[in-house]
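Participant:
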Amino acid sequence: MSDEELDPREALLKNQRKEKKDLQSKIQALKKTASKGDKKKKKELNDEIAKLETELVEKHKLELLEFETSTISIEKSDSTKDSDNQNCDENEQDNNSDEKENRVSKAQKRRDKKTEKDKQRLEDIDKQEEENKNGIRHLEQEKIKSLLEGRNLKLAEIPSDGDCMFAGLVHQLVQLNLNSTVTDLRRNTADELMKNKADYSPFLSNPSTGDMLSDPEYQAYCSKMASTPAWGGQVELQAMATVLERPIEVVQAEGPPVVVGEQFSRKPLILTYHRHAYGLGEHYNSVTTKPSPL
């Protein structure tokens, strides 16, 4: 192993061992020069050898001391560096912790904001519901429910999509075990309007001019009623009563029920009429019989 590959302390000790060996060789050479029987010369030689050995020992002690001192200094420096690195790491951890806390804080703020928004929305809903209790829509609904209650009936909600009157009648027919569809009712209603134009056209007018519908306009009206979700009214009710050969009764909050097709003796189909149920306009619902108490 070369000196460059040795540990610094081991290299120093190796060099010191070499110096001791060299000194021993020198001492042996000096002893060979001493004259036998010359005590003075021998004493001087021994003193010289002792001096050389002492100087070498002191030299080696000093070298070791200097080496150890330098090593301590280096270790201390490394320790300081490690300490500084540790402090940096700790500071970095603190910074990361602060950053994490900031992130958590922002996330918490978002959650708090959402919670506050949801709370406000619920409060607005409660407030609106409270206002609705005295609103015209709520009063109308309660009046109709009260009228049905007296007849052992209850509301059956029908979607407000333009087909409500036809869908309400389908619901009524199903309760009588009579299957039908909105499409069938619309088509049959349009056919009745076309076949008996004289019975229905006087009750229909152009919304722009107020005049009676012309033949093309009447045909377009019937076609629209048959194939689109056009809203049906009193004329269509009368036509359906004729097609189904059943009376149709419409319960409303204001005024007595309206009945069409009274000439038929079958059990009437019952709808409810709501003027203020939806912002888009009038609406029809169906009804069901309340279950008998146990």
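When the letters of the sequence shown are read in order and numbered with our numbering, they come out as residues 4 to 297. Backbone N, C-alpha and C define an ideal beta-carbon position, used for all residues, glycine too. Please read these numbers as outputs of a predicted model, since none were measured by experiment.
Give the DSSP-derived three-state secondary structure of A159 in the structure shown.
Facilitator: Strand.
Participant: Going by C-alpha distance, which of E66, Q31, R190 is nearest E51?
Facilitator: Of the listed residues, the one whose Cα sits closest to E51 is Q31.
Participant: Using three-state DSSP, classify R315 as helix, strand or coil.
Facilitator: This structure leaves residue 315 out entirely; the chain is present only between 4 and 297.
Participant: Would you kindly check if the distance between the Cβ of S289 and the Cβ of I147 is under 7 Å?
Facilitator: Going by C-beta atoms, I147 is not nearer than 7 Å to S289.
Participant: Please report how far the alpha carbon of P219 lies from the alpha carbon of G264, in whole angstroms.
Facilitator: Taking the straight line from one Cα to the other gives about 28 Å.
Participant: Here's a check: name, in chain order, each residue in its chain whose Cβ is nearer than 7 Å to the Cβ of Y224, leaving out the five neighbours to either side.
Facilitator: Excluding positions up to five away in sequence, the list reads L207, L216.
Participant: Within 10 Å of its beta-carbon, does T275 have 16 or more other beta-carbons around it, so buried, or fewer, so exposed?
Facilitator: Buried.
Participant: Tell me which same chain residues have a C-beta within less than 8 Å of the C-beta of N155, skipping the five on either side of it?
Facilitator: Result list for N155: T292, K293, in chain order.
Participant: According to DSSP, simplified to helix, strand and coil, what is N49?
Facilitator: Of the three classes helix, strand and coil, the one that applies to N49 here is helix, per DSSP.
Participant: So, is L181 buried or exposed, given that buried needs 16 or more other C-beta atoms within 10 angstroms?
Facilitator: The residue is exposed, with fewer than 16 neighbouring Cβ atoms inside 10 Å.
Participant: Taking the straight line between their C-alpha atoms, what separation do you get for D316 and S230?
Facilitator: As shown, the chain starts at 4 and ends at 297. That puts residue 316 outside it, with no answer to give.
Participant: Hey, how far is the Cα of P1 from the Cα of P210?
Facilitator: With the chain covering 4 to 297 only, the question about residue 1 has no answer from this structure.
Participant: At the level of alpha carbons, what is the spacing between Q222 and D194?
Facilitator: So the two alpha carbons sit approximately 11 Å from each other.
Participant: Only counting the same chain, and skipping five residues up and downstream in sequence, which positions put a Cβ closer than 7 Å to that of L16?
Facilitator: Contacts found: none.
Participant: With distances taken between CB atoms, is the gap from F267 to E248 smaller than 7 Å?
Facilitator: The answer is yes: Cβ separation under 7 Å.
Participant: Just to check my reading of the structure: V261 and T192 have Cβ atoms closer than 8 Å, yes? What is that Cβ distance to the nearest angstrom?
Facilitator: Not really, about 17 Å apart at Cβ, beyond 8 Å.
Participant: Just reading off the beta strand (DSSP E) that Q255 is part of, what are its end residues?
Facilitator: Run containing Q255: 251-255, per the beta strand (DSSP E) assignment.
Participant: For L67, which beta-bridge partners are listed by DSSP?
Facilitator: Answer is none; L67 lacks a bridge partner.
Participant: Which first and last residues belong to the alpha helix (DSSP H) in which N191 is found?
Facilitator: Its alpha helix (DSSP H) spans residues 185-198.
Participant: Do the CB positions of H286 and C167 come within less than 7 Å of each other?
Facilitator: Yes. Within cutoff.
Participant: With a threshold of 6 Å (Cβ to nearest heavy atom), would Q178 be considered close to the ligand NAP?
Facilitator: By its list of ligands, the structure shown contains no ligand whatsoever, and the ligand NAP lies outside what it can speak to.
Participant: Around the Cβ of S80, are there at least 16 other Cβ atoms within 10 angstroms (buried) or fewer (exposed)?
Facilitator: Since pLDDT at S80 reaches only 48, below the 50 mark, its modelled position is unreliable, and no value is offered.
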